[in-house]
Every structure is written in structure tokens, then in C-alpha cells.
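Here the structure comes first, spelled out in C-alpha cells, and everything after it is commentary.
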DNA sequence: AAAAAAT
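Numbering (the UniProt record's numbering), first residue to last: 1 to 506.
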């Protein structure tokens with residue numbers, strides 16, 4: 001049943017055995033030659049990398065397992081597979097074989113039990129099949145891996161951390177850095193579930209809620225094998241020797257493009273990397289994200305020189321199953337009207353909804369406008385107290401709230417057990433400092449909140465004025481993806497048809 | 001003119 005509907009693939013048809021090793025070596029040598037003659041300061045990795053076959057990244061078949069809201073709908077369908085391509089480039093002489101089953105990965109029985117019984121995964125998704133051997137095969141090479149939103153990246157690095165850690169040693173051996181507290185907590189909860197039978201423990205390095213505050217001096221030392229957190233708190237704990245970094249074996253950057261972007265967390269990330277480098281004498285570094293723009297890609301491939309790389313073309317990055325729409329509205333009031341009359345009418349019926357706005361103030365404004373008319377929703381942004389943030393996330397993950405208004409704090413990585421299938425761009429994502437230059441990466445991450453793990457979803461971009469239209473046009477061009485228009489923002493039929501086309505209503 | 005983290 002696992003292969004239902006899929007064309008039969010030959011045994012072991014992985015990129016690894018497509019090319020003979022000898023041939024690959026010859027190619028690598030040729031590549032090195034070419035690279036060194038074209039520009040002598042090219043990073044060695046490009047020169048020595050051997051280009052392997054492009055692989056098809058199919059929709060994964062894993063699902064939320066027991067952590068969901070209770071009404072488990074069984075494994076997602078494998079009907080139409082995503083034809084997007086990913087490209088793997090390996091470094092050095094190691095040859096990897098794509099893992100058809102988790103059993104091929106020499107995992108401990110405890111970990112396998114966690115994967116099957118607790119997570120409910122039957123076999124690896126494409127990105128997992130490709131990256132897990134790279135992560136788990138000695139010599140432990142660094143890895144830069146790009147894969148679609150919702151394709152199962154978290155499992156890759158969580159499994160990586162769990163299997164590289166010695167459960168018997170009560171010292172920190174793995175660190176994962178995330179851009180937001182919510183993501184750190186979410187990743188921790190995935191790791192705890194997956195590692196349920198291993199005895200491995202995990203600390204979350206994020207600032208405590210006000211009521212739980214303790215001075216750093218009084219904080220006990222961390223003895224957990226894994227620490228997952230945000231950059232500031234991680235640095236603080238490391239600086240105060242609450243985390244000892246000399247036994248770190250693996251360092252993971254989730255949403256790595258943002259963690260290493262100049263206008264992101266680059267300086268923090270570099271500092272932490274240097275710290276660990278110094279005290280642990282080098283450790284395996286994993287970078288995971290759905291997006292790597294050319295600038296960041298160029299930078300990370302220079303920082304992580306001798307690693308394996310997997311990248312996806314930007315034109316292949318929009319999710320087939322998430323239908324995008326644009327809606328012209330005359331003014332801000334009309335946006336609220338659309339949300340009230342259309343989104344609340346239809347949206348809630350089909351699942352949960354996230355409405356993205358640009359500023360913290362806007363979350364309050366939109367929230368107030370809706371609450372005034374007795375619509376129930378909640379809103380979140382980074383200035384709320386930690387306990388408040390946790391409460392709102394908890395209520396949303398429980399399914400208690402259906403509509404959540406958010407800044408980009410939730411744009412990346414946030415996963416709601418596949419129950420969010422509608423995303424509203426109340427404000428379009430704009431690059432900071434520009435008027436009409438889209439933030440393509442944020443756009444992609446936002447729409448990725450819908451349609452997790454190959455499920456259906458829809459996105460409505462509310463466009464008001466020429467600037468918004470310019471931004472939308474640029475996005476369409478960038479991803480080479482035409483976004484159809486909902487003709488009349490006041491028309492129930494138009495919205496209904498759009499949702500029908502997206503497969504969200506009958 | 002900002003969201004994110006945090007001092």
C-alpha cells in the first residue's frame with residue numbers, strides 16, 4: 001500500500017548509484033580543473049563537488065501521528081506526487097545510498113520505535129531518504145539542505161541529533177538554533193516524541209515567562225543531551241557556562257537561511273558556531289530551510305565549505321497543493337469586510353486560518369476590528385509576554401481558536417498538525433527598507449503554513465493599490481507561477497469557487 | 001519605516 005499509485009521504481013534507484021565512483025572522481029577532478037581556472041578564489045566545495053542526478057521530491061507520506069487533535073484522518077493521500085526536482089551535490093569520496101526505509105539507517109531499536117509507534121511514520125519522505133544517510137554516515141559531513149515546506153525537514157535534523165547523541169552521557173551533545181521561540185518549542189516537542197524511548201532529554205533555551213524568571217547565576221547547569229533554542233538565550237547560557245560546548249557533536253540551524261542572513265541572525269549564529277568550534281574542536285553542522293536566496297546561498301556555501309548540498313530551484317518551490325489567489329480590494333475597510341464576510345463564513349468551515357500582517361500594531365488593529373463585531377479570533381506577535389504567547393499557541397494548536405492573526409513571527413516553520421489550510425496575506429511581505437520589493441522567502445514560508453505534508457490549502461493575497469499589485473506581479477514572476485484572481489471581493493460565489501478549486505469545499 | 005532575539 002505504501003507504493004499505491006506510484007510508478008514502480010527500480011531497486012535502489014538513488015542518485016548515489018547512478019554514477020560509478022570512478023566516473024564521479026574523474027568528473028570531480030574535471031570540475032576542480034574548470035573551477036580553478038575560471039576563478040581561483042572559488043570555494044573548494046564547488047570545485048570538488050560532483051554533480052549528481054536531480055531527484056524527484058515526492059509528497060511525503062508521513063503524518064502527524066498521535067500528537068494531533070484527536071480526529072486522526074489517517075495517512076495523507078499519495079495520489080498526485082509533486083514533480084519538483086531537488087539537486088544533491090556531495091563532497092569528497094563518500095557515496096550515499098538513499099534510504100528506502102528507516103530500517104536501512106542503523107538506528108537504535110528505541111529510535112525506530114519512536115518513529116513508527118509514536119510519530120506514526122511508515123517510511124522516509126524523499127528529503128529524509130536523501131539526507132539521513134548523509135547525516136548519519138561517518139565521516140560526519142556538514143550538510144546544507146533545502147526542501148519544500150512541509151516535506152519533513154524537522155524529522156531529518158531531529159533524527160540526526162537523536163542518533164548522534166550518547167544517551168548515557170549526561171552532557172550536551174547537540175544544539176539546534178531557531179529564529180523564534182515558538183519554533184524552538186515545537187522542535188523540542190517533536191524531538192521528545194521521536195526520542196520517547198531513548199531516554200534522551202532536551203532543554204529549551206528561550207527566555208522564561210516573567211513569573212518564572214530566575215537570575216542566570218542561580219540557574220542550574222544544563223545536563224540535557226540536546227538543547228534547542230533561540231540565539232540570544234543560547235549565547236547567554238553558553239557565556240555563563242550553563243551549557244558546556246566541548247562535547248557538542250552536531251549543530252543544527254533550523255530556517256538556516258534566516259539564521260545566516262545579514263539582516264537575520266548572522267552575527268549571533270557565527271558567534272555560536274565559533275564558540276563551539278573552539279571548545280569542541282569542530283562538529284557536524286546542518287543547515288535546513290525551504291528557502292536559500294542567491295545571496296545567502298553564496299554565503300553559506302562559503303561558510304560550510306566541505307559539506308554535502310541539496311538545493312531546489314526557486315521555480316520549483318511553490319507547493320502544487322496550495323492554491324494561491326489574489327483579491328483586489330478598494331481599501332483597508334474592505335480587507336476587514338472580506339475577512340468577516342468571506343473568511344469567517346467559509347474559512348472556518350474548512351479548517352483553521354492564519355492572517356498575516358506586517359506590524360505588531362496591525363495584529364491589534366485587525367483583532368479589535370473583528371472583536372468589535374463579536375468575531376472570535378486571537379492574535380500573536382513578539383512583544384507579548386512569553387506566557388501569553390504560549391497560551392495563544394496552545395489554544396490554536398488545540399483547535400480552540402480558529403482564526404489567528406500574526407506577524408511574521410509565525411511565518412516560518414510553525415506547524416499546526418496540518419489543520420491550517422487557509423492563509424490570508426492581509427499585508428504583503430515587503431523587504432525592509434523598500435516600498436515594493438517583495439520578500440520572496442517570507443512569502444513562500446507564509447503560504448507554506450497551509451498545506452502541511454502534502455495536504456490541500458489556499459492562500460488569499462489581499463491587494464490594495466498599485467504597490468500591492470506590483471509586489472504580487474514580482475512574486476509571480478520570481479516563482480514563475482501565475483496567481484489567479486478572485487474577480488469580485490464582494491462575491492460569495494467567487495470565493496466559494498476559489499475554495500472549490502483548491503479542493504477545500506465540495 | 002520592521003519581525004524576529006535579547007541585553
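Cβ coordinates follow ideal geometry from the N, Cα and C atoms, glycine included.
Pairwise C-alpha distance: residue j and residue i
{"i": "residue 215", "j": "residue 234", "result": "15 Å"}
{"i": "residue 99", "j": "residue 133", "result": "7 Å"}
{"i": "residue 347", "j": "residue 164", "result": "43 Å"}
{"i": "residue 395", "j": "residue 319", "result": "27 Å"}
{"i": "residue 207", "j": "residue 255", "result": "20 Å"}
{"i": "residue 328", "j": "residue 481", "result": "18 Å"}
{"i": "residue 476", "j": "residue 408", "result": "20 Å"}
{"i": "residue 391", "j": "residue 398", "result": "10 Å"}
{"i": "residue 423", "j": "residue 339", "result": "11 Å"}
{"i": "residue 304", "j": "residue 271", "result": "15 Å"}
{"i": "residue 487", "j": "residue 344", "result": "19 Å"}
{"i": "residue 253", "j": "residue 232", "result": "14 Å"}
{"i": "residue 176", "j": "residue 229", "result": "6 Å"}
{"i": "residue 73", "j": "residue 242", "result": "In this prediction, residue 73 scores a pLDDT of 32, lower than 50, which makes its location untrustworthy; the coordinate-derived value is nonetheless stated afterwards. Answer to the nearest angstrom: the Cα atoms are 43 Å apart."}
{"i": "residue 106", "j": "residue 160", "result": "12 Å"}
{"i": "residue 384", "j": "residue 89", "result": "42 Å"}
{"i": "residue 406", "j": "residue 92", "result": "44 Å"}
{"i": "residue 513", "j": "residue 117", "result": "Missing from the structure shown is residue 513; the chain here goes from 1 to 506 and no further."}
{"i": "residue 269", "j": "residue 389", "result": "24 Å"}
{"i": "residue 150", "j": "residue 368", "result": "32 Å"}
{"i": "residue 87", "j": "residue 147", "result": "10 Å"}
{"i": "residue 275", "j": "residue 412", "result": "26 Å"}
{"i": "residue 496", "j": "residue 483", "result": "17 Å"}
Contacting residues, own chain, Cβ-Cβ under 6 Å from residue i (five flanking each side not counted)
{"i": "residue 145", "result": "131, 288, 310"}
{"i": "residue 401", "result": "378, 395"}
{"i": "residue 294", "result": "none"}
{"i": "residue 471", "result": "428, 436, 438"}
{"i": "residue 509", "result": "One cannot answer for residue 509 here, as it falls past the ends of the chain, which runs 1 to 506."}
{"i": "residue 355", "result": "405, 424, 426"}
{"i": "residue 498", "result": "325, 486"}
Neighbour-count burial assignment, residue i, 16 or more Cβ in a 10 Å radius
{"i": "residue 83", "result": "Per-residue confidence for residue 83 stands at a pLDDT of 38, beneath the threshold of 50, marking its modelled position as unreliable; the derived number appears in the next sentence. Flag for residue 83 reads exposed."}
{"i": "residue 461", "result": "buried"}
{"i": "residue 219", "result": "exposed"}
{"i": "residue 443", "result": "buried"}
{"i": "residue 251", "result": "buried"}
{"i": "residue 217", "result": "exposed"}
{"i": "residue 187", "result": "buried"}
{"i": "residue 267", "result": "exposed"}
{"i": "residue 101", "result": "exposed"}
{"i": "residue 326", "result": "buried"}
{"i": "residue 125", "result": "buried"}
As assigned by DSSP and simplified to three states, the class of residue i
{"i": "residue 486", "result": "strand"}
{"i": "residue 205", "result": "strand"}
{"i": "residue 244", "result": "coil"}
{"i": "residue 441", "result": "helix"}
{"i": "residue 306", "result": "coil"}
{"i": "residue 236", "result": "helix"}
{"i": "residue 501", "result": "helix"}
{"i": "residue 368", "result": "helix"}
{"i": "residue 254", "result": "strand"}
{"i": "residue 457", "result": "strand"}
{"i": "residue 325", "result": "strand"}
{"i": "residue 292", "result": "coil"}
{"i": "residue 184", "result": "helix"}
{"i": "residue 197", "result": "coil"}
{"i": "residue 356", "result": "strand"}
{"i": "residue 149", "result": "coil"}
{"i": "residue 283", "result": "coil"}
{"i": "residue 98", "result": "coil"}
Close beta carbons around residue i, own chain, < 8 Å, minus the five adjacent residues each side
{"i": "residue 500", "result": "506"}
{"i": "residue 103", "result": "112"}
{"i": "residue 64", "result": "Bear in mind that the predicted position of residue 64 carries a pLDDT of just 38, short of 50, making it too unreliable to give a figure here."}
Same chain, Cβ closer than 7 Å to residue i, neighbours up to 5 away in sequence not counted
{"i": "residue 279", "result": "245, 246"}
{"i": "residue 504", "result": "350, 421, 456, 458"}
{"i": "residue 213", "result": "none"}
{"i": "residue 474", "result": "438"}
{"i": "residue 154", "result": "187, 190"}
{"i": "residue 162", "result": "111, 191, 194, 195, 198, 200"}
{"i": "residue 128", "result": "152, 155, 156"}
{"i": "residue 321", "result": "451, 454, 455, 456, 457"}
Hey, is the region 416 to 429 in contact with the region 357 to 364, meaning 3+ C-beta pairs nearer than 8 Å?
yes
Below 8 Å, can you find three or more Cβ-Cβ pairs linking the region 112 to 123 to the region 282 to 298?
no
I'd like to know if the region 378 to 396 and the region 429 to 439 are in contact, where contact means that at least 3 CB-CB pairs between them fall below 8 Å.
no
For the structure I just gave you, are there three or more beta carbon pairs, one from the region 448 to 462 and one from the region 402 to 422, closer than 8 Å?
yes
Indicate whether the contact test is met: 3 or more Cβ pairs, each with one atom in the region 162 to 177 and one in the region 212 to 230, closer than 8 Å.
yes
Inter-stretch contact (C-beta, 8 Å, three-pair minimum) for the region 287 to 302 and the region 178 to 192
no
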